[in-house]
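Shown next, in C-alpha cells, is the structure this report addresses.
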Amino acid sequence: MIFEKYLQEKDSFFFELDNVIFPEKDYFLQVYYLFAQFMEYGEQLNAADVLKYMQETYEKASADDIFAKTAEKFNIPEKYKINFDMLLHSARLPLKLLIYNEVLNFLQSIVLERKQIFLLVSGNPTTQLNKIKQTEWNGLEKYLTVFFTEEFEPEQDALKLIIEKQELKKERVLLIGNSKFAKSSALKYKMDYLDVNELFKV
17 MIFEKYLQEK DSFFFELDNV IFPEKDYFLQ VYYLFAQFME YGEQLNAADV LKYMQETYEK
77 ASADDIFAKT AEKFNIPEKY KINFDMLLHS ARLPLKLLIY NEVLNFLQSI VLERKQIFLL
137 VSGNPTTQLN KIKQTEWNGL EKYLTVFFTE EFEPEQDALK LIIEKQELKK ERVLLIGNSK
197 FAKSSALKYK MDYLDVNELF KV
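So, in C-alpha cells, the structure goes:
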C-alpha cells in the first residue's frame, strides 16, 4: 500500500476534509434534497424538479450562488435564503457522510501505529463542524484533533502555526490534501505532501 512507507517515516498526519475524507458533494446533495422538500411544502414546487436543477447546477459549476440561481429559475422568494443558509450550516442529514475506503484504511492504520491525526479544515467553521459531526468515523473520532484555518491569522499560515503550537517536527509530518491551499502550504514550508488521489490508484 502506498501509505505504508509514510507510516514508518512520519509521526503526525494532517488531513483536509472536503474531497479528502469524503466527497464534498455527498453533503451538498443532501442539503439540496432537504431544501427541495421544504420548497415543495412551502411554495408547492415540485421537489424532484428543484433537486434535479440544483444537482445539475452544482455538477456543471459549483455550490457558489446556487440559491440565487435556483430562486431565479423557480421564482423562489428571497425570504427563503435564510432557510437555505440554515440548512447549509446545520442540516440534519438523512444519511451519514461516509469516508472513502482507502482513506479509512489509512486512518485506521495510523491509529494502530499510535500516531497523531489532525484535521486541517478550511471554509465556514459552522458548516464544516456540521459535516464532521455527521461523518461516520467508525470509532476514529476520539483520535482526531481538529483545526479550522479561519481561526488563525493569517489564515494561509495556519499549517505552520499549528505545527509550532503542537511542537511538531515538520520533517515528521505528512499533509494529505486535494486543494491548491494544501499543496502550496506544504511547498511553502518544505513539508511532505500526498495528494489524496494517490491513495485511490491501484
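Per our numbering, the very first residue in the sequence shown carries number 17; after that it's consecutive. Even glycine gets a Cβ: it sits at the ideal position worked out from N, Cα and C.
Which listed residue (I178, L156, V137) has its alpha carbon closest to that of G193
One-based indexing of the sequence shown puts residue 193 at position 177. Comparing Cα-Cα distances from G193 to each of I178, L156, V137, the minimum goes to V137.
So, with DSSP's three-state summary, where would you put F134?
On the sequence shown, position 118 is the one that residue 134 refers to. Of the three classes helix, strand and coil, the one that applies to F134 here is strand, per DSSP.
Can you list, in chain order, the residues of its chain whose CB lies under 7 Å from that of E40, leaving out five sequence neighbours each side?
Here residue 40 corresponds to residue number 24 of the sequence shown, with the count starting at 1. Same-chain partners within the cutoff: D34.
I think L175 touches L123, with their Cβ atoms under 8 Å apart; what is that distance to the nearest whole Å?
Taking the sequence shown and counting its residues from 1, one reaches residue 175 at position 159. Taking the sequence shown and counting its residues from 1, one reaches residue 123 at position 107. No, L175 and L123 are not in contact; Cβ-Cβ is about 19 Å, not under 8 Å.
Three or more beta-carbon pairs under 8 Å between the segment 100 to 112 and the segment 68 to 76, yes or no?
no
Member of Y159, E152, L104 whose CA lies at the smallest distance from the CA of N140:
Counting from 1 along the sequence shown, the entry for residue 140 is found at position 124. N140 has its Cα closest to that of L104, out of Y159, E152, L104.
As an exercise, report each continuous alpha helix (DSSP H) stretch of at least 4 residues that is fully enclosed by the segment 73 to 133, in chain order.
82 to 90, 97 to 106, 117 to 128
What are the residues that DSSP puts in a beta bridge with Y209?
For this step, residue 209 is matched to residue 193 along the sequence shown. L191.
So is M55 buried or exposed if we call it buried at 16+ other beta carbons inside 10 Å?
Stepping through the sequence shown from its first residue, residue 55 is reached at position 39. So M55 counts as buried.
Close-in-space but distant-in-sequence residues of the same chain around D208 (CB under 6 Å, 5 per side omitted):
Numbered from its first residue, the sequence shown carries residue 208 at position 192. The answer, listed in chain order, is L190.
F134 versus F90 - alpha carbon distance
Translated into the one-based positions of the sequence shown, residue 134 becomes position 118. Translated into the one-based positions of the sequence shown, residue 90 becomes position 74. Cα to Cα, the separation comes out at about 42 Å.
Could you pull out every residue in the same chain whose Cβ sits closer than 7 Å to the Cβ of E59, ignoring the five residues on either side in sequence?
Sequence index remark: in the sequence shown, residue 59 carries index 43 (1-based). Taken in chain order, the residues that qualify are I92.
Reference K131, options K76, L184, A63, E214, closest by Cα
For the purposes of this step, residue 131 is taken as residue 115 along the sequence shown, with counting starting at 1. When only C-alpha atoms are compared, the closest one is L184.
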